[in-house]
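Structure first, then comments.
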Amino acid sequence: MTDELSPAERYAASRFRAAEQATALAPFREMYDFDLDPFQIEACQALEGGKGVLVAAPTGSGKTIVGEFAVHLALTQGRKCFYTTPIKALSNQKYTDLVKRYGADQVGLLTGDNSVNSEAPVVVMTTEVLRNMLYAGSRSLLGLGYVVMDEVHYLSDRFRGAVWEEVIIHLPESVTLVSLSATVSNAEEFGDWLDTVRGDTEVIVSEHRPVPLWQHVLAGRRMYDLFEEKSGRDGDQGGRREVNPDLVRLARMENSRPSFGRDKRRGRNMREADRERERRQRTRIWTPGRPEVIDRLDAEGLLPAITFIFSRAGCEAAVQQCLHAGLRLNDDAARSKVRAIVEERTAGIPDEDLHVLGYFEWLEGLERGIAAHHAGMLPTFKEVVEELFVRGLVKAVFATETLALGINMPARSVVLEKLVKWNGEQHVDITPGEYTQLTGRAGRRGIDVEGHAVVLWQRTMDPVALAGLAGTRTYPLRSSFKPSYNMAVNLVSQFGRHRSRELLETSFAQFQADKAVVGISRQVQRNEEGLEGYRASMTCHLGDFDEYARLRRELKDRETELARQGVAQRRAAAAVALEKLRPGDVIHVPTGKFAGLALVLDPGLPAGRVGGHRGMEYHDGPRPLVLTAERQVKRLASIDFPIPVEPLDRMRIPKSFNPRSPQSRRDLASALRTKAGHHDARRHRKERSPAADDTEISRLRAAIRAHPCHGCSDREDHARWGERYHRLLRDTRQLERRIEGRTNTIARTFDRICSLLSELGYLRADQVTDEGRRLARLYGELDLLASECLREGIWEGLGPAELAGCASALVYEARTADDALPPKLPTGRAKDALGEMVRIWGRLDALEEEHKINQAEGVGQREPDLGFAWAAYRWASGHGLDEVLREIDMPAGDFVRWNKQLIDVLGQIAAAAPEGTVARSARRAVDGLLRGVVAYSSVG
Numbered sequence: 005m006t007d008e009l010s011p012a013e014r015y016a017a018s019r020f021r022a023a024e025q026a027t028a029l030a031p032f033r034e035m036y037d038f039d040l041d042p043f044q045i046e047a048c049q050a051l052e053g054g055k056g057v058l059v060a061a062p063t064g065s066g067k068t069i070v071g072e073f074a075v076h077l078a079l080t081q082g083r084k085c086f087y088t089t090p091i092k093a094l095s096n097q098k099y100t101d102l103v104k105r106y107g108a109d110q111v112g113l114l115t116g117d118n119s120v121n122s123e124a125p126v127v128v129m130t131t132e133v134l135r136n137m138l139y140a141g142s143r144s145l146l147g148l149g150y151v152v153m154d155e156v157h158y159l160s161d162r163f164r165g166a167v168w169e170e171v172i173i174h175l176p177e178s179v180t181l182v183s184l185s186a187t188v189s190n191a192e193e194f195g196d197w198l199d200t201v202r203g204d205t206e207v208i209v210s211e212h213r214p215v216p217l218w219q220h221v222l223a224g225r226r227m228y229d230l231f232e233e234k235s236g237r238d239g240d241q242g243g244r245r246e247v248n249p250d251l252v253r254l255a256r257m258e259n260s261r262p263s264f265g266r267d268k269r270r271g272r273n274m275r276e277a278d279r280e281r282e283r284r285q286r287t288r289i290w291t292p293g294r295p296e297v298i299d300r301l302d303a304e305g306l307l308p309a310i311t312f313i314f315s316r317a318g319c320e321a322a323v324q325q326c327l328h329a330g331l332r333l334n335d336d337a338a339r340s341k342v343r344a345i346v347e348e349r350t351a352g353i354p355d356e357d358l359h360v361l362g363y364f365e366w367l368e369g370l371e372r373g374i375a376a377h378h379a380g381m382l383p384t385f386k387e388v389v390e391e392l393f394v395r396g397l398v399k400a401v402f403a404t405e406t407l408a409l410g411i412n413m414p415a416r417s418v419v420l421e422k423l424v425k426w427n428g429e430q431h432v433d434i435t436p437g438e439y440t441q442l443t444g445r446a447g448r449r450g451i452d453v454e455g456h457a458v459v460l461w462q463r464t465m466d467p468v469a470l471a472g473l474a475g476t477r478t479y480p481l482r483s484s485f486k487p488s489y490n491m492a493v494n495l496v497s498q499f500g501r502h503r504s505r506e507l508l509e510t511s512f513a514q515f516q517a518d519k520a521v522v523g524i525s526r527q528v529q530r531n532e533e534g535l536e537g538y539r540a541s542m543t544c545h546l547g548d549f550d551e552y553a554r555l556r557r558e559l560k561d562r563e564t565e566l567a568r569q570g571v572a573q574r575r576a577a578a579a580v581a582l583e584k585l586r587p588g589d590v591i592h593v594p595t596g597k598f599a600g601l602a603l604v605l606d607p608g609l610p611a612g613r614v615g616g617h618r619g620m621e622y623h624d625g626p627r628p629l630v631l632t633a634e635r636q637v638k639r640l641a642s643i644d645f646p647i648p649v650e651p652l653d654r655m656r657i658p659k660s661f662n663p664r665s666p667q668s669r670r671d672l673a674s675a676l677r678t679k680a681g682h683h684d685a686r687r688h689r690k691e692r693s694p695a696a697d698d699t700e701i702s703r704l705r706a707a708i709r710a711h712p713c714h715g716c717s718d719r720e721d722h723a724r725w726g727e728r729y730h731r732l733l734r735d736t737r738q739l740e741r742r743i744e745g746r747t748n749t750i751a752r753t754f755d756r757i758c759s760l761l762s763e764l765g766y767l768r769a770d771q772v773t774d775e776g777r778r779l780a781r782l783y784g785e786l787d788l789l790a791s792e793c794l795r796e797g798i799w800e801g802l803g804p805a806e807l808a809g810c811a812s813a814l815v816y817e818a819r820t821a822d823d824a825l826p827p828k829l830p831t832g833r834a835k836d837a838l839g840e841m842v843r844i845w846g847r848l849d850a851l852e853e854e855h856k857i858n859q860a861e862g863v864g865q866r867e868p869d870l871g872f873a874w875a876a877y878r879w880a881s882g883h884g885l886d887e888v889l890r891e892i893d894m895p896a897g898d899f900v901r902w903n904k905q906l907i908d909v910l911g912q913i914a915a916a917a918p919e920g921t922v923a924r925s926a927r928r929a930v931d932g933l934l935r936g937v938v939a940y941s942s943v944g
């Protein structure tokens with residue numbers, strides 16, 4: 005029991021309360037019906053004290069409270085606040101939240117396709133919009149006091165991350181920056197950088213989850229806890245967590261026992277009791293089906309739940325499986341509410357498009373409380389799912405991982421079907437950071453006492469590895485910053501080349517590279533000490549062993565070089581043979597995953613060879629598209645042909661053949677086996693080794709035999725020390741090159757970009773030319789290509805729909821590898837213009853190679869993708885949604901997203917092009933594209 009406060013203590017406490025009431029934080033706290041957490045109070049106090057803040061805290065912990073306090077401060081002080089988010093959906097969501105709190109007259113919205121009250125004191129926008137405003141010197145920046153960067157850990161994104169650093173570096177010094185991040189393991193390092201470039205920045209890290217998270221594994225009918233709490237020595241609960249031994253035993257039993265029912269001899273000899281025991285074990289452990297999982301969660305009161313499935317098709321299939329299983333999670337009252345909300349939110353979608361979009365099937369799922377959520381869905385449909393989920397009217401959502409990136413959809417439970425995902429190239433294990441991000445959705449603050457993460461049992465699952473995923477908090481923030489052509493001309497225009505170079509040296513990318521150099525330098529020093537010892541051990545009393553070792557290395561290098569030349573010659577011969585292939589040739593693929601009999605559907609030759617210029621070319625040589633005898637249609641690479649290949653036979657390919665149709669593939673593969681199944685693979689005759697007749701090898705061998713050290717009895721011992729010496733010397737030289745490569749890397753890349761731009765006439769010393777000013781208005785991956793197309797006038801005379809088809813190549817990127825036939829293209833002038841675009845890209849690609857601008861490092865112009873040209877052309881021409889989607893086999897959500905990006909780039913073209921046919925066609929193309937589902941927007 006504490007003593008009563010003394011008069012002096014009561015007076016001090018009263019002074020403290022009075023001082024606290026005088027702050028801006030006091031009335032802000034009264035806006036919420038819950039107490040702020042210590043980390044939120046600490047961050048808000050730092051902000052009110054004039055400091056910038058970096059807040060790193062788990063998903064769902066309430067980081068955005070700090071951002072909202074920045075909005076409150078700006079309005080209190082009569083200044084502006086920009087609230088930036090990485091994606092439009094988040095911007096729309098934040099705009100709606102702030103309008104509810106402050107009113108529509110105080111809050112605006114700016115995204116790529118929406119502009120609402122843009123001169124309001126508080127504006128929500130995507131980060132790219134703010135970057136463009138900074139480069140354009142927009143008047144909207146006047147009076148700006150605060151910028152909130154929500155989800156600032158996006159700067160690790162290799163495609164868009166550079167934008168965050170551009171904004172942080174270029175914001176005026178008078179602006180206070182509020183950075184909100186997921187929990188990252190190097191928050192202090194990021195904070196140090198912010199302190200360097202933005203001034204006094206407080207780093208506030210919170211590991212505390214406001215709602216405790218319980219981890220489970222669902223195997224068969226049983227839900228296992230992943231961890232078991234071990235009590236401390238005195239029986240207290242402060243002990244350590246260990247993996248549940250029941251799970252470990254289950255995994256050991258599953259992974260050690262054979263597949264039952266397949267070994268007939270074993271089955272005959274087993275006793276009946278043994279078979280019965282194993283049957284019981286087998287029926288106890290299985291991976292539950294999707295409807296079964298939802299039913300189980302519902303029975304245990306663990307809904308609403310988000311099930312993460314790393315596949316769009318898997319999400320849609322999951323909803324259908326639940327519907328077919330008869331799952332109903334809503335009562336009649338909830339069903340009526342769902343229908344009313346859905347009909348209100350979709351009223352703007354044309355009736356003729358509803359059937360195409362699968363509206364009625366989608367509505368049936370929503371009425372039952374079940375939905376999918378992925379990037380292939382119409383944006384409006386996704387927003388409706390989000391709203392219904394937050395209202396508790398949708399209780400089971402099957403989503404791809406994109407849902408985990410910031411959208412406010414907390415659930416009571418999160419389910420992970422698998423711990424492996426497809427990253428675009430191969431199946432990989434999810435990282436601890438990804439696991440934390442996904443499971444962070446579980447547990448709704450103020451609603452749930454605890455959240456639950458459920459991983460479905462899979463055969464070969466390792467519970468210890470799963471516990472490692474769940475218990476690791478390593479999610480380092482790595483910069484992806486790279487200069488671009490647009491960035492270069494904008495910087496030079498504002499600051500000149502020298503000052504621009506200095507600005508880029510302040511990037512987080514360079515900051516991290518410079519820190520890494522310190523450790524590498526220490527390793528070089530240790531290596532040099534080791535080299536001294538090795539040099540002493542390789543000394544020979546008969547002569548200069550270093551010279552002798554050099555002769556041996558030269559011999560080995562020469563033999564390796566000749567072997568490499570032989571491989572290169574064989575590859576060249578194989579490439580020549582591939583260039584001779586024609587559709588209908590029957591070949592034998594010599595090696596690789598698809599080795600065996602195959603029919604050439606498309607030789608995959610460089611487009612434009614016949615026309616005299618190199619067009620859409622595969623950099624690694626011809627890539628024939630083939631149908632294998634096993635009915636697979638695949639585009640092969642040169643690696644599949646280490647030796648020349650010759651046609652074994654010829655076959656006619658039916659005009660009706662469709663590579664996407666299983667029946668077409670089956671019929672043609674059957675004809676292939678019938679026609680050419682009797683052919684044997686032709687054996688390639690092994691050629692005489694070039695080393696046998698090489699005069700240099702003969703000379704080196706003679707010099708080695710004549711050297712004094714060759715007769716030393718300890719020769720091989722010296723040679724081992726010599727090999728260690730030269731290996732360490734090589735490693736040391738590599739480390740020195742790494743130090744050199746990491747020092748001023750960003751500035752060196754900037755210099756190369758400026759050199760190329762000067763050669764093309766965009767820069768003249770510190771001056772930006774008229775062409776450069778046009779480039780400054782073109783943003784995107786293919787900014788320089790777009791500028792060159794405008795300069796060469798290849799879009800002159802194109803109609804709106806034709807220009808839309810051509811401009812689509814600047815934004816579109818196929819989701820999957822190029823395993824299909826060449827895309828369908830518009831005819832006439834549009835097709836010619838697309839060919840010219842590819843030719844210009846080829847010229848730029850050669851220039852980039854000459855200036856050592858490396859696309860593999862994320863700098864430079866990727867090849868334009870023509871896969872959306874036909875769809876853009878048809879939609880801009882006024883064709884119906886049903887017809888266009890059927891022709892391109894693309895989900896509606898993707899179709900809308902690519903059209904919105906195309907509209908954005910057409911707007912840039914209209915602004916950058918001189919007033920004339922191109923600018924007029926671009927504006928009319930925007931009007932042609934902005935209709936139906938593309939035009940419909942739920943905000944504004």
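Mind the numbering: the sequence shown is residues 5 to 944 in my numbering, read in order.
Note that CB positions come from ideal geometry on N, CA and C, so glycine has one too.
Computed from a predicted model, the values in this text were never measured in an experiment.
Bridge partners of PHE899 according to DSSP: none are assigned. For CYS85, the enclosing beta strand (DSSP E) stretches over residues 84 to 89. Leaving aside the five residues that flank THR736 on each side, the residues in its chain whose CB is nearer than 8 angstroms to its CB run, in chain order, VAL528, ASN531, GLU532 and LEU535. DSSP, reduced to helix, strand and coil, places ALA915 within a helical segment of the structure shown. DSSP places HIS502 in the uninterrupted alpha helix (DSSP H) bounded by 489 to 508. Annotated three-state conformation of ASN118 is strand, per DSSP. If you look at ARG226, you'll find it in the beta strand (DSSP E) that goes 226 to 229.
For the options ASP755, ARG927 and THR115, the alpha carbon positioned closest to that of ALA805 is the one of ARG927. Beta-bridge partners of MET841 (DSSP): none assigned.
If you draw a 10 Å sphere on the C-beta of MET381, you find 16 or more other C-beta atoms in it, and that means buried.
In terms of CA proximity to GLY911, ARG781 leads the group ARG781, GLY450 and GLU371.
Taking the C-beta atoms as reference points, PRO594 is found nearer than 8 angstroms to ILE647. Apart from sequence neighbours up to five positions away, the residues of its chain that approach GLY437 with a beta-carbon distance below 6 angstroms are TYR479, ordered along the chain. Shown here, PHE385 sits in a helix according to DSSP, grouped into three states.
By the Cβ neighbour-count rule, PHE385 is buried, with 16 or more other Cβ atoms within 10 Å of its own. Between the region 554 to 574 and the region 628 to 637 there are fewer than three inter-stretch CB-CB distances shorter than 8 angstroms, so the stretches are not counted as touching. With contacts defined by Cβ atoms closer than 8 angstroms, LEU217 and GLY455 form a contacting pair. Proximity of the region 46 to 65 to the region 82 to 97 falls short of the contact definition, fewer than three beta-carbon pairs being nearer than 8 angstroms. By the beta-carbon neighbour count (other beta carbons within 10 angstroms, threshold 16), TYR36 is exposed.
Look at ARG449 here: in three-state DSSP terms it is coil, with no helix or strand label. Counting C-beta atoms within 10 angstroms of its own C-beta, ASP787 has 16 or more neighbours from the protein chains shown and is therefore classed as buried. Residue environment analysis places SER340 among the exposed positions, since fewer than 16 neighbouring C-beta atoms fall within 10 angstroms of its C-beta. Residue state for GLU206 is assigned as strand, using DSSP reduced to three classes. If you draw a straight line from the Cα of ARG741 to the Cα of CYS758, it comes to about 24 angstroms. Residue pairing by DSSP places ALA457 opposite GLN219 and VAL418 in a beta bridge. Here DSSP, grouped into helix, strand and coil, assigns THR130 to strand. As a beta-bridge residue in DSSP terms, SER185 pairs with ALA60. Closest in alpha carbon position to GLU52, among GLU304, ARG795 and ALA74, is ALA74.
Secondary structure at PHE32: helix, using DSSP grouped into helix, strand and coil. Comparing alpha-carbon positions, the option among ILE701, LEU652 and ARG574 lying closest to SER642 turns out to be ARG574. THR187 places its beta carbon less than 8 angstroms from that of GLU211.
Burial state of VAL937 is buried, judged by a 10 Å Cβ sphere holding 16 or more other Cβ atoms.
Cβ-Cβ distances below 7 angstroms link VAL201 to ILE172, ILE173 and THR510 in the same chain, with the five nearest sequence neighbours on each side left out; the list follows chain order.
Per the coordinates, the alpha-carbon of LYS519 lies some 10 angstroms from the alpha-carbon of ALA513.
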